[in-house]
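First comes the structure, then the notes that go with it.
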Amino acid sequence: MRVKDTLNLGKTKFPMRGNLPKREAEWEKNWEDQKFYERRLKLNEGHERFDLHDGPPFANGNIHMGHALNKITKDIIVRSKNMEGYYAPYVPGWDTHGLPIEQQLTKQGVDRKTMDRAAYRELCRKFAMEQVEKQRTDFKRLGVMGDWDHPYITLLPEFEAAEIRVFGKMYENGYIYQGKKPVYWSWSSESTLAEAEVEYHDVESPSIYISFPVKDGKGKLSEENTYFLIWTTTPWTIPSNQGIAVNPKFDYSVVEVGDRRYVVGTDRLSAVAEILGWDSYKTVQHLKGTDMEYMVAKHPYIEGRDSLLMEAVYVTDDDGTGLVHTASGFGEDDYNTAMRYGFDVLSPMDNKGCFTEEIPDPDLVGKFYTDTNEIVKDKLAAAGNLLHYSTFVHSAAHDWRTKKPVVYRATTQWFASISKFRDQILDQIEKTTFYPAWGKTRLYNMIKDRGDWVISRQRAWGVPLPIFYAEDGTAIVTHETIEHVADLFAKEGSNAWFTHPVEELLPEGFTSEHSPNGKFTKETDILDVWFDSGSSWSGVQALGRDVHYPTSMYLEGSDQYRGWFNSSLITSVATNGVAPYKSVLSQGFTLDGQGRKMSKSLGNTIAPNDVIKQMGAEIIRLWVASVDASGDVGVSMDILRQVSEGYRKIRNTFRYMLANTADFDPEKDRVAYKDLRKIDQYLEVKLNDLVAESIVNYDKYDFADVYKLVFKFITNDLSAFYLDFAKDVLYIEGKDSHARRSMQTVIYDAAVKLAKILAPILPHTMGEVWGYLKEKEEDVYLSNFPEIEDYADADDLKESWGEFMKLRDDVLKALEEARDQKLIGKSFEANVTVYPGEAAKAALDKLAGEDFREILIVSNLVMGQGEVPAEAKQFDQSSVLVRRAEGEVCPRCRMYRTDLGADSRLPQLCGRCASIVAGDHPEILEEGLED
Numbered sequence: 008m009r010v011k012d013t014l015n016l017g018k019t020k021f022p023m024r025g026n027l028p029k030r031e032a033e034w035e036k037n038w039e040d041q042k043f044y045e046r047r048l049k050l051n052e053g054h055e056r057f058d059l060h061d062g063p064p065f066a067n068g069n070i071h072m073g074h075a076l077n078k079i080t081k082d083i084i085v086r087s088k089n090m091e092g093y094y095a096p097y098v099p100g101w102d103t104h105g106l107p108i109e110q111q112l113t114k115q116g117v118d119r120k121t122m123d124r125a126a127y128r129e130l131c132r133k134f135a136m137e138q139v140e141k142q143r144t145d146f147k148r149l150g151v152m153g154d155w156d157h158p159y160i161t162l163l164p165e166f167e168a169a170e171i172r173v174f175g176k177m178y179e180n181g182y183i184y185q186g187k188k189p190v191y192w193s194w195s196s197e198s199t200l201a202e203a204e205v206e207y208h209d210v211e212s213p214s215i216y217i218s219f220p221v222k223d224g225k226g227k228l229s230e231e232n233t234y235f236l237i238w239t240t241t242p243w244t245i246p247s248n249q250g251i252a253v254n255p256k257f258d259y260s261v262v263e264v265g266d267r268r269y270v271v272g273t274d275r276l277s278a279v280a281e282i283l284g285w286d287s288y289k290t291v292q293h294l295k296g297t298d299m300e301y302m303v304a305k306h307p308y309i310e311g312r313d314s315l316l317m318e319a320v321y322v323t324d325d326d327g328t329g330l331v332h333t334a335s336g337f338g339e340d341d342y343n344t345a346m347r348y349g350f351d352v353l354s355p356m357d358n359k360g361c362f363t364e365e366i367p368d369p370d371l372v373g374k375f376y377t378d379t380n381e382i383v384k385d386k387l388a389a390a391g392n393l394l395h396y397s398t399f400v401h402s403a404a405h406d407w408r409t410k411k412p413v414v415y416r417a418t419t420q421w422f423a424s425i426s427k428f429r430d431q432i433l434d435q436i437e438k439t440t441f442y443p444a445w446g447k448t449r450l451y452n453m454i455k456d457r458g459d460w461v462i463s464r465q466r467a468w469g470v471p472l473p474i475f476y477a478e479d480g481t482a483i484v485t486h487e488t489i490e491h492v493a494d495l496f497a498k499e500g501s502n503a504w505f506t507h508p509v510e511e512l513l514p515e516g517f518t519s520e521h522s523p524n525g526k527f528t529k530e531t532d533i534l535d536v537w538f539d540s541g542s543s544w545s546g547v548q549a550l551g552r553d554v555h556y557p558t559s560m561y562l563e564g565s566d567q568y569r570g571w572f573n574s575s576l577i578t579s580v581a582t583n584g585v586a587p588y589k590s591v592l593s594q595g596f597t598l599d600g601q602g603r604k605m606s607k608s609l610g611n612t613i614a615p616n617d618v619i620k621q622m623g624a625e626i627i628r629l630w631v632a633s634v635d636a637s638g639d640v641g642v643s644m645d646i647l648r649q650v651s652e653g654y655r656k657i658r659n660t661f662r663y664m665l666a667n668t669a670d671f672d673p674e675k676d677r678v679a680y681k682d683l684r685k686i687d688q689y690l691e692v693k694l695n696d697l698v699a700e701s702i703v704n705y706d707k708y709d710f711a712d713v714y715k716l717v718f719k720f721i722t723n724d725l726s727a728f729y730l731d732f733a734k735d736v737l738y739i740e741g742k743d744s745h746a747r748r749s750m751q752t753v754i755y756d757a758a759v760k761l762a763k764i765l766a767p768i769l770p771h772t773m774g775e776v777w778g779y780l781k782e783k784e785e786d787v788y789l790s791n792f793p794e795i796e797d798y799a800d801a802d803d804l805k806e807s808w809g810e811f812m813k814l815r816d817d818v819l820k821a822l823e824e825a826r827d828q829k830l831i832g833k834s835f836e837a838n839v840t841v842y843p844g845e846a847a848k849a850a851l852d853k854l855a856g857e858d859f860r861e862i863l864i865v866s867n868l869v870m871g872q873g874e875v876p877a878e879a880k881q882f883d884q885s886s887v888l889v890r891r892a893e894g895e896v897c898p899r900c901r902m903y904r905t906d907l908g909a910d911s912r913l914p915q916l917c918g919r920c921a922s923i924v925a926g927d928h929p930e931i932l933e934e935g936l937e938d
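Remember, our numbering sits 7 above the position in the sequence shown when you count from 1.
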C-alpha cells in the first residue's frame with residue numbers, strides 16, 4: 008500500500024462542471040413528472056397562506072431580461088415562503104387583449120377594417136394564445152415553478168365574465184359615467200390612452216408669442232392699441248381659442264412698447280422683454296388678476312371670434328407671460344376652466360388627428376394638426392399679432408406602443424370617477440405595506456392627483472363595454488343586463504357581443520321607457536386593457552384558481568404604480584371597499600452594463616434564452632439574487648460572466664463538502680453539539696447565525712443580502728478558514744476519529760443548511776446537491792428551511808474566537824513577511840512562536856484544549872513566555888516570531904517533524920501518522936508501506 012492510499016481523500020461523483028444548459032431542462036422535467044409543486048403545497052395544507060398574485064405580462068413575443076428579473080423574483084419569493092412553511096401557490100397569468108396584437112396582425116397583412124369584427128377577433132385570440140404558449144415555455148425554462156397547466160388568461164370566458172361584473176358593480180355604485188372631456192388621444196392608434204400607456208420623449212416644438220387685441224376692458228383697461236400677450240407651443244390650437252386664463256393672485260403690468268401696450272405678468276416682464284427684444288418699454292399701469300376677469304379680447308386673426316378672460320390658479324410664473332391661451336377641447340385645465348365659465352366643448356379634430364369642419368378657420372379643414380402650425384403662424388403675422396417665433400426641445404407625451412406623439416382631445420368617452428371615492432382609495436394605501444417604503448408615497452400622490460379614468464377604447468380586440476342605448480340615446484346598464492351579458496360571456500367568451508343580435512344580448516323580454524318601440528343598440532367600444540388586468544383579482548377567482556383575495560402581494564416594475572397597482576386598487580376599492588393586496592413590491596428596470604436603456608437600435612439587448620444556451624438559467628437566477636432590484640439594475644454578458652464565476656465558487660465549495668462527507672452517515676457518525684470541538688462549535692454557531700439572518704432577509708425580500716451573506720460565509724468562513732485547515736484533519740486523522748467526525752458533522756450540516764437556504768435562488772443546483780446528501784426528502788424543495796438553534800454559549804464562543812481570529816490575522820501577516828524574505832515557502836515550513844496580548848491570552852485560555860497549530864496550518868506552534876525577542880514581528884495586540892521549522896517532511900501529513908521513524912515498523916512516517924495508519928490499516932505493519 009502506498010502512503011497516499013492511507014489518506015482519507017474525499018471522493019464524489021458530483022461533477023465539477025454543472026453542464027447547466029443541458030441538465031437544467033432534465034431537472035425541470037423531473038420536477039414536473041414528480042409533481043414537486045403540487046407535493047410541496049400538499050405538505051403545507053392548512054398552514055398560513057401567502058398568495059402572490061401574478062401581474063400578467065402581455066402575451067407578445069419571447070421574454071426579455073425584464074421578464075426574467077420579474078418572474079425569477081416571484082419564484083424566489085414563492086419557493087422561500089413554501090420552505091418557511093406557508094401555503095404559497097403560484098398561478099401565472101397573461102394579459103392578452105389590446106393594440107399590440109392588432110398591430111402584429113397588421114404586420115401579417117390582416118386588414119381589420121375589411122373583416123367581420125368577430126372573425127378578426129378570433130384571429131387575435133389565436134395569435135394571443137400562440138404567444139402565451141411561447142412565453143410559458145420561456146418562463147418554465149427559467150426554473151419558475153407554478154400551476155402552469157391552469158394559468159389565468161384575460162381572454163378566457165370566465166375571466167371576461169368576471170370583468171363585466173366588476174364594471175357592473177362600479178356602475179351600480181355610481182362610479183361610471185359618460186362625458187366629453189379631453190383625454191390622451193393617439194391619432195396613430197386612433198384611440199384614447201390611459202396614463203400608463205403614455206411615455207415621454209424629447210421633441211422640437213414651436214415657441215410662439217401672440218397678442219390678442221383688447222375688445223372690452225370693463226372700464227379698467229383701455230381698448231385702444233392694447234393687447235393681452237400669451238405664449239404657446241401649440242399654434243395649431245389657436246384657431247380653437249375660447250379664452251385667456253390669468254392667475255387671480257398675480258400682479259400684471261401694462262407696458263408701452265412703441266405705439267402698442269401689452270398686458271404681461273409682472274414677474275415675467277423682464278424675461279419676456281428680453282425674448283421679444285424690447286430694448287425700451289414703459290410700465291403705464293398695474294392690474295390684479297382679479298381685475299381682468301370677464302374682460303374680452305378679439306381673436307388674433309379670425310374676425311368675429313372673441314376670447315374671454317378667466318381666472319385659473321394653475322397659471323404659473325415659471326415661463327410664458329402669466330396669461331394662458333385656453334382651448335377647451337385640447338387640454339384638461341383648459342376644459343375645466345372653460346366649463347366653469349359655461350362654454351361648450353370645442354374639439355374640431357377627427358380620430359386621425361385632422362381638423363373637422365367645426366374648426367373656426369375653414370382653411371384648416373382636413374389638414375393634419377401639426378401641418379397647420381405654419382399656416383397659423385403666417386396668418387398671425389399677416390394680422391400683426393405674431394410677436395416672436397422660434398423652436399425649442401422639450402419632453403412631450405407619446406403613445407408607448409407606436410412611439411408617436413399624442414394630443415389632448417375632447418371626445419365622448421366612458422369614465423370611472425376617482426373623485427367620488429378617492430379618500431377610500433387613499434385610506435387603503437395607508438393600510439398597505441410597500442417594498443421599498445417610498446412606494447407608498449408614490450402611489451398615494453398618484454391617486455391624490457389623478458383625474459378620472461377614461462375606460463373606453465376605440466379598438467376591436469378587447470372586452471366590449473356592456474352598455475346598450477335606448478331609442479332616445481339613454482345608456483342602459485342594469486343589474487339584469489350585466490348578469491345576462493356576463494353569463495353569456497362565461498359560456499361563449501366576449502365574442503358573443505359581436506355574434507349575437509342585440510335582442511339576444513339583453514335579458515328575454517327586457518323593456519325600457521326610453522325605448523317605446525323596443526329597439527336598442529349596443530356600444531362598439533371596448534374596455535381599457537388596464538381594466539382587464541386591473542380586475543384580475545376577480546377574474547382569477549372566477550376561474551377557480553388557487554389565489555385568495557385580498558392577496559398577500561403584488562409585485563411588478565416601478566412603472567406599475569401608474570399601471571397595474573393603480574388600476575387594480577381602483578377597481579377593488581370601487582367594488583369591495585378594500586385594496587386587492589396587502590403588500591406591494593416594486594422593481595426597477597433592466598439596463599445594459601453602461602446604465603443605458605436596452606433597445607434593438609443600440610444593439611445592447613440580451614435574450615434570456617441566449618444566456619440559458621450559453622451559461623444556464625441558474626446564472627440568470629443568481630444575477631437576479633445578487634442585485635438590488637428596488638432600483639434600476641445593469642446586466643450584460645460581462646456582468647453575467649462575473650456572476651458565473653461566483654456560481655463556480657459556490658459549486659466547487661459544495662463539491663468539496665460532498666466529497667469530504669461521502670463516508671459520513673449522519674445517523675450514526677454525527678457528533679452532538681456539546682461533544683464537538685470548540686472550533687467546530689464556533690462554525691456551527693456561525694452557520695446558525697447565517698441561517699437566521701438569511702431567513703430575515705428572505706422575509707424582507709432582500710435577496711441581494713441573502714446572496715452576500717452566503718457568499719461571504721462560503722468564501723471567508725469556509726474556504727479561507729475552516730475548510731482550509733480541514734485537510735489536516737479530514738485527510739490525515741483516523742477515519743472514525745473524534746476530530747474527523749466532529750468536523751464532518753459541521754461540514755455536513757453546512758452542506759444541508761446552505762443547500763436549503765440557496766434552494767429558492769439556485770433550485771437546479773441545490774436539487775443536484777441534495778441527491779448526494781443523506782436526507783429523507785426526495786428534493787430540497789420538499790424540505791423546510793433549517794431550524795434556528797439556540798446555543799447557550801454562542802456569544803462566548805464568538806467573542807473568544809473573534810479574539811483568536813485577530814491573532815490569526817497577525818500570524819498570517821508574519822508568515823507572509825517570512826515568505827517574502829525567503830525564510831519559508833509553504834506555511835508548514837514554519838515554526839511559530841506567539842506572544843499574545845492580554846485579550847488574546849484570555850481568549851486562548853477559554854479555548855484551552857484546541858489545537859491552534861492545526862488551525863494556523865504550521866508545523867510547530869509555541870506560546871511564548873517572558874520577554875519578546877527583538878526579531879519578533881510586533882503588532883497592536885501581539886507579537887509573532889517565525890522561524891524555519893526543524894526536522895524533515897513527513898510524506899503523509901506534509902508537516903516538518905523531528906520524530907520521523909519513531910515507529911520502526913513505519914520508518915518513513917512521523918509518530919502521529921504512524922499511530923493513525925497502524926490503527927486504520929494494521930495490515931500495513933506486515934506488508935510494509937510504499938512511498
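Note that the Cβ used here is the ideal one computed from N, Cα and C, for glycine as well.
Supposed close pair residue i, residue j - CB separation, criterion 8 Å
| i | j | result |
| --- | --- | --- |
| Lys763 | Phe792 | 6 Å |
| Lys222 | Lys305 | 5 Å |
| Thr440 | Lys589 | 7 Å |
| Tyr342 | Lys133 | About 41 Å separates the two Cβ atoms, so there is no contact after all. |
| Val413 | Val205 | 6 Å |
| Leu106 | Arg466 | 6 Å |
Through-space distance from residue j to residue i, alpha-carbon basis
| i | j | result |
| --- | --- | --- |
| Tyr97 | Lys805 | 41 Å |
| Ala493 | Gly349 | 40 Å |
| Leu868 | Phe859 | 8 Å |
| Thr998 | Gly641 | Residue numbering for the chain in the displayed model covers 8 to 938; residue 998 lies beyond these limits and cannot be assessed. |
| Val759 | Gly150 | 21 Å |
| Gly918 | Tyr663 | 28 Å |
| Gln567 | Glu700 | 30 Å |
| Glu140 | Leu512 | 32 Å |
Nearest residue (CA-CA) to residue i, options the options
| i | options | result |
| --- | --- | --- |
| Arg899 | Asp802, Gly856, Val889, Lys734 | Lys734 |
| Glu515 | Gly525, Thr506, His521 | Gly525 |
| Val554 | Phe57, Met90, Leu888 | Phe57 |
| Ser402 | Leu592, Glu211, Glu381 | Glu211 |
Three-way DSSP call (helix, strand, coil) for residue i in this model
| i | result |
| --- | --- |
| Ser214 | strand |
| Glu934 | helix |
| Met902 | coil |
| Arg569 | coil |
| Thr80 | helix |
| Phe57 | coil |
| Val303 | strand |
| Trp808 | helix |
| Ile70 | coil |
| Phe350 | coil |
| Phe671 | coil |
Beta bridge counterpart(s) of residue i as assigned by DSSP
| i | result |
| --- | --- |
| Gly272 | Tyr259 |
| Lys295 | Asp258 |
| Gln594 | Gly564 |
| Val264 | Arg267 |
| His332 | Ile251 |
Interface flag, residue i vs chain C, CB-CB below 8 Å
| i | result |
| --- | --- |
| Gln185 | No chain C appears in this structure, which consists of one protein chain only. |
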